[in-house]
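In my numbering, the protein residues as written are 144 to 352.
Structure record follows, encoded as structure tokens.
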Amino acid sequence: MAYLRVSGIYVITFIICWNCIIDGMVRCFIAVECTNSEVIEGIRRVQGALESTGANLKHVEPENIHLTLKFLGEIPQHKVDEVAEIVKDISFNSFKFKVEEVGVFPNLRRPATIWAGITEGVSDLAAVFEEVDSKMGKLGFDRERRRFHPPLTISRVRSGKNRDLLVEELLAVKDQDFGVVNVTRIVLKKSVLTSKGPIYSTLAESQYS
């Protein structure tokens, strides 16, 4: 019995400590924001058109749409502070990227993710991505192995409901021209997951040189 009591105390202590560790973690990513109100409004209109098909969709809130450069996952606060200092020191020349076309992943037969494409400014985005990935690698984060692929996710397909109507509307809006986004900073974002969707807040930012 004494052994069981000690074991029970050990397990309870472990659970309490583990919860403390989880509570102290921060879900973070480094991104480029979509700051052009015309682009955001255009995405909102496309989302509305897709919604009208009755398909089972989960839209990304237009004000939350961003291009992720590096997802850091759940990290401790001291690591957040280190990342924030590096992000603040990143310097780059301002540039623009163009948002146009609507597509899906993996294909129209099984659409899962709906995106808005980036057709200009990709090389500038890739250069910033490489710098961020390199600096995060020096902090101990895994380097990205996949080629940088920059579409903006605007919606996710939850089921096959009304798929034919959804595909028909996707084809109707595929040549959409949303506009141009001027990139003057990259941001370190905190993400809090809720039942209504993620809530983002900016922890640090890097201004263009």
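Just so you know, even glycine gets a beta-carbon here, dropped at the ideal spot from N, CA and C.
Unbroken alpha helix (DSSP H) run spanning residue i, endpoints
| i | result |
| --- | --- |
| F223 | As written in the sequence, residue 223 is Val, which differs from the Phe given in the question. V223 -> alpha helix (DSSP H) spans 220 to 232. |
Local Cβ density within 10 Å of residue i, reported as buried at 16 or more and exposed below that
| i | result |
| --- | --- |
| T337 | exposed |
| P254 | buried |
| F272 | buried |
| H221 | exposed |
| G197 | exposed |
| H202 | buried |
| S298 | buried |
| A332 | Inspection of the sequence shows that residue 332 is occupied by Lys rather than by Ala. Counting Cβ neighbours within 10 Å, K332 comes out buried, since at least 16 surround it. |
| L200 | buried |
| L282 | exposed |
| L251 | exposed |
| I164 | Residue placement at I164 is poorly supported in this model, since its pLDDT is 42, which falls under 50; the coordinates still yield a value, given next. By the neighbour-count rule (16 or more Cβ atoms within 10 Å), I164 is not buried but exposed. |
Start-to-end residues for the beta strand (DSSP E) that takes in residue i
| i | result |
| --- | --- |
| K201 | 200 to 202 |
| G185 | Not the beta strand (DSSP E): G185 falls in the alpha helix (DSSP H), residues 180 to 194. |
| R170 | 168 to 176 |
| L295 | 295 to 300 |
Beta bridge counterpart(s) of residue i as assigned by DSSP
| i | result |
| --- | --- |
| I261 | V242 |
| E348 | V330 |
| D320 | E243 |
| N325 | K239 |
| K213 | I173 |
| I342 | V335 |
| F248 | T256 |
Cβ separation of residue i and residue j, assumed to be a contact under 8 Å, to the nearest whole Å
| i | j | result |
| --- | --- | --- |
| A215 | C171 | Per the sequence presented here, residue 215 reads as Leu, with Ala not at that position. Going by Cβ atoms, the distance from L215 to C171 rounds to 4 Å, so yes, they are a contact pair. |
| E341 | N207 | First, the amino acid is wrong: residue 341 is Pro here, not Glu. Going by Cβ atoms, the distance from P341 to N207 rounds to 7 Å, so yes, they are a contact pair. |
| I218 | M168 | 6 Å |
| L212 | I173 | 5 Å |
| I233 | S334 | Not quite, the Cβ-Cβ distance comes to about 20 Å (not below 8 Å), so this is no contact. |
| I257 | L210 | Not confirmed; about 15 Å, so no contact. |
8 Å Cβ cutoff, residue i in contact with chain B
| i | result |
| --- | --- |
| P219 | In the structure shown, chain B does not exist; there is a single protein chain. |
Could you tell me whether the stretch 305 to 325 touches the stretch 179 to 193, using the rule of 3 or more Cβ pairs below 8 Å?
Result yes; three or more Cβ-Cβ pairs closer than 8 Å.
When the Cβ atoms of the stretch 230 to 241 are set against those of the stretch 304 to 315, are three or more pairs found closer than 8 Å?
Contact between the stretch 230 to 241 and the stretch 304 to 315 is absent: fewer than three C-beta pairs spanning the two stretches fall below 8 Å.
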